Amino acid sequence: MIRFVRGHLVAADADGVVVGMGGMGFGVRISDSTRADLPGIGSEVVLHTHLVVREDALDLYGFSDESERLIFESLLAVNGVGPRSALAICGLGTPQAVALAIGGGDVAYISKAAGVGKKTAERVILELRDKVGVAGGADVNGIVATGPRGGAREGLVALGFRPDKVDAALAGADADMDEEALIRHGLAVLGR
Numbered sequence: 297m298i299r300f301v302r303g304h305l306v307a308a309d310a311d312g313v314v315v316g317m318g319g320m321g322f323g324v325r326i327s328d329s330t331r332a333d334l335p336g337i338g339s340e341v342v343l344h345t346h347l348v349v350r351e352d353a354l355d356l357y358g359f360s361d362e363s364e365r366l367i368f369e370s371l372l373a374v375n376g377v378g379p380r381s382a383l384a385i386c387g388l389g390t391p392q393a394v395a396l397a398i399g400g401g402d403v404a405y406i407s408k409a410a411g412v413g414k415k416t417a418e419r420v421i422l423e424l425r426d427k428v429g430v431a432g433g434a435d436v437n438g439i440v441a442t443g444p445r446g447g448a449r450e451g452l453v454a455l456g457f458r459p460d461k462v463d464a465a466l467a468g469a470d471a472d473m474d475e476e477a478l479i480r481h482g483l484a485v486l487g488r
């Protein structure tokens with residue numbers, strides 16, 4: 297899996313960007329919110345990425361923020377939401393704004409995304425409301441967690457542990473632990 301690309305911004309168009317590195321140019325599809333964060337052509341850029349493997353193509357999706365990538369991946373898990381729809385939803389605003397809309401049940405906001413109708417927006421909210429960690433529309437901590445704690449959370453959830461149990465297990469960890477130590481701590485607590 298390609299987790300990020302770092303290189304020089306070679307080109308940008310409506311479909312995405314080309315990031316040059318090591319003598320190669322990587323085509324990366326990006327959301328509107330990531331497009332707004334891009335530096336000028338020729339500048340160094342870092343994009344957090346998700347690789348979508350299809351029968352006829354390998355598509356790389358990039359985000360300026362790790363939390364936006366996590367939201368994108370969560371959206372892909374929703375039945376009926378493909379990469380283009382997930383990218384359109386991510387482009388509606390900041391990762392926190394999208395998470396708040398999902399957690400708050402804001403169907404109108406989610407259905408503003410290109411290719412996302414009311415029924416799809418309702419499905420997104422139904423399937424992801426509990427995963428974004430929004431309590432009363434005020435606290436955003438679930439899929440938008442970043443840094444070592446966010447990586448550890450993502451890894452433990454990928455192993456099959458429930459997100460709420462993972463959050464509780466990681467809450468007791470020291471603040472200065474790296475991702476590997478956090479995963480070990482989480483496994484020790486969750487394995488009890």
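Counting from 1, position 112 in the sequence shown corresponds to residue 408 in our numbering; the numbering is continuous, with no gaps. C-beta atoms are modelled at their ideal positions from N, C-alpha and C, and glycine is treated no differently. As the structure is a computational prediction, the values presented were derived from the model and not from experiment.
task = List the whole-angstrom C-beta distance separating Leu486 from Phe457, where the pair is believed to meet the contact cut-off of C-beta under 8 Å.
result = 5 Å
ask   = Which residue or residues does DSSP assign as beta-bridge partners of Asp355?
value = In the DSSP secondary-structure assignment, Asp355 is bridged to Val348.
request  = Could you tell me whether the Cβ atoms of Val428 and Ala393 are closer together than 8 Å?
outcome  = no
inquiry  = Is the beta carbon of Val453 closer than 8 Å to that of Pro444?
reply    = no
query = DSSP state of Val315, grouped into three classes?
reply = strand
query = Apart from the five residues just before and just after Val306, which ones in its own chain have a Cβ nearer than 6 Å to its Cβ?
reply = Hits under 6 Å: Val314, Gly316, Gly321.
inquiry  = Taking the beta carbon of Arg365 as the centre, do at least 16 other beta carbons fall within 10 Å, making it buried, or is it exposed?
reply    = So Arg365 counts as buried.
task = Would you check if the distance between the CB atom of Tyr480 and the CB atom of Leu466 is smaller than 8 Å?
result = In the sequence on display, residue 480 carries Arg and not Tyr. No; because the gap between Cβ atoms is not below 8 Å, this pair is not in contact.
inquiry  = Whole angstroms are fine: how far does the CA of Gly468 sit from the CA of Ala417?
reply    = 35 Å
Option nearest Ile326 by Cα separation, candidates Ile406, Glu362, Arg350, Gly338 = Glu362
ask   = Hey, Asp333 and Ser360: beta-carbon distance below 8 Å or not?
value = Contact flag set, yes.
task = Below 8 Å on the Cβ atoms is my guess for Gly358 versus Val324; work out the distance and round it to an integer in Å.
result = Sure, about 4 Å apart at Cβ, within 8 Å.
query = Within 8 Å (strictly less), CB to CB, does Glu364 reach chain B?
reply = This model lacks chain B altogether, as it is built from one protein chain only.
One or two residues paired with Val342 in a DSSP bridge = Val342 is bridged to Arg302.
As assigned by DSSP and simplified to three states, the class of Arg325 = strand
message = For Gly319, tell me which candidate among Gly401, His304, Ser381 has the shortest Cα-Cα distance.
response = Cα-wise, what sits closest to Gly319 is His304.
ask   = Is Asp463 helix, strand or coil when you go by DSSP?
value = helix
key: Inter-residue CB distance, Ala409 and Ile385 (contact presumed, cutoff 8 Å)   = Confirmed, Cβ separation roughly 4 Å.
inquiry  = Going by C-alpha to C-alpha distance, which of Asp472, Val341, Ala471, Met297 sits closest to Ala308?
reply    = Checking every option, the nearest Cα to that of Ala308 belongs to Val341.
query = Based on Cα-Cα distance, which residue from Ala373, Arg302, Asp352, Phe368 lies nearest to Leu343?
reply = Arg302
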